[in-house]
Amino acid sequence: MPDFVPIYSTPEAAGLARFLLAHYALDDPLTCRLLSRGMNDVYRVAPASGPRYIFRLSHRRARGAPDVATETAFLAHLRRLGAPVAAAIATREGSLFLRGDAAEGAREGVLFEALDGRDPVINSAADARANGATLARIHNAAESFQAEAPLYRLDLDHLLRRPLARVLASGVVEEASVRDDLAAIAERTGQRIEAFDGLSWTHCHGDCHGFNARISETGEAAFYDFDDGGPGYLAYDLSVFLWAKVSFGRKLIAMWEAFIDGYRAARSISAQDLEAAQAFVIVRHLWLMGEYASRADEWGRDGVGWIARETGFLKQWEDERLDGRLF
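Numbering (the working numbering), first residue to last: 28 to 354.
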């Protein structure tokens, strides 16, 4: 037995190619190139002929096992209804996902279509509108989707309370006053959201921050990366885009307004849901902090230390965008 148990391993590309050829109807030789690693391992897959693909190998996560069964079923549903998304490719046996054995244990994998188009531009109002329009189409299609047994429910326990607990348990935030501030902010935010009456529920993308998309030549946004999704608050799904335009020093509120314009062109938004999205910005930030805190033993304290410095942003958002608003 080895002296050390791995937390996380990176598969060797040639071995991954053999694994994919064994399970998918792909032409040999097959070239695999690692694109990114961290939250997941993502590879570009190029067969000898035909289209290219993206293979995502799920990483361990404190929030629970990757819900690839629900994710891939939702993508298949969206594709049937014509929504622009990267659909999962079936294995030789007809499954939309599989599992492989890594040094640290079983990991889930999905082979996706590689989307055409370009990356979105962060300060492009046209790209923001395109993202809003596609999210609206996804929410429209979600009305006829019923997940069989989703592992994630994007409620306040999943998005706020458990992530806060991970931050506080990680040891990264050492100063008692900061820990108290984070707990108080989370409590106030949860109360604000729970004070709303009748917030809409949908099947969320879960990570619509503007860059999990490709923009086509005609300006349409096609979405990928649904692995944070599940049944949850519609206001949260909207808020992720707003959060991405105001967090970490960004001041791009105009992009949020363009995003909402694009969404409303395809689907209406209730005043309640739009108002609640402001509070869900804090929820989203705390969720991300919890994700990073849960990986402190893998990435190291230096890699996640930023979460101890985020109370300033959270307090400022409360003061400027939430206090005194009607709920």
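Ideal Cβ placement from N, Cα and C applies to all residues, glycine included.
Since we're looking at a predicted model, the values are computed, not measured.
Leaving aside the five residues that flank T58 on each side, the residues in its chain whose CB is nearer than 6 Å to its CB run, in chain order, A73. In this structure T161 is buried. Its beta-carbon is surrounded by 16 or more other beta-carbon atoms within 10 angstroms.
Apart from sequence neighbours up to five positions away, the residues of its chain that approach E175 with a beta-carbon distance below 8 Å are A96, T97, A100, ordered along the chain. Inside the segment 171 to 222, DSSP marks whole alpha helix (DSSP H) runs of 4 or more residues at positions 189 to 197, 203 to 221, from first to last along the chain. For W283, the enclosing alpha helix (DSSP H) stretches over residues 280 to 291. Between G144 and F286, the C-beta gap is not smaller than 7 Å, which leaves the two residues out of contact. Across the structure, N67 and V267 are spaced so that their CA atoms are roughly 19 Å apart. In the three-state reduction of the DSSP assignment, E337 falls in the coil class, being assigned neither a helical nor a strand state. A Cβ-Cβ distance of about 7 Å is found for the pair R83 and F139, placing them in contact under the 8 Å criterion. Under the 8 Å Cβ criterion, the segment 188 to 202 does not count as touching the segment 264 to 282, having fewer than three qualifying pairs. Assigned with DSSP and collapsed to three states, G317 falls in helix. In this structure, A169 lies away from H232, with their beta-carbon atoms at least 7 Å apart. The three-state secondary structure of E244, taken from DSSP, is coil.
A Cβ-Cβ distance of about 6 Å is found for the pair A52 and R119, placing them in contact under the 8 Å criterion. By the Cβ rule, the segment 221 to 230 counts as touching the segment 283 to 302, because three or more pairs are nearer than 8 Å. Linking G246 to I116 through their CA atoms gives a straight-line distance of about 25 Å. Looking at the backbone, the Cα of G237 and that of D30 are separated by about 43 Å. Our two residues, E337 and P190, have alpha carbons roughly 14 Å apart in a direct line.
Under the three-state reduction of DSSP output, R87 falls in the coil class, being neither helix nor strand.
Exposure of I34 is indicated by the presence of fewer than 16 other C-beta atoms within 10 angstroms of its C-beta. Collapsing the DSSP output to three states places I81 in a strand. In the DSSP assignment, R164 falls within the unbroken alpha helix (DSSP H) covering 152 to 169. Distance from L187 to A213 at the Cβ level is roughly 6 Å; contact confirmed, criterion being Cβ atoms closer than 8 Å. A271 places its beta carbon 7 Å or farther from that of F307. According to the DSSP assignment, L61 belongs to the beta strand (DSSP E) that extends over 58 to 63. Annotation for W333: Y319 place their beta carbon closer than 8 Å to its own, counting only its chain and skipping 5 residues before and after.
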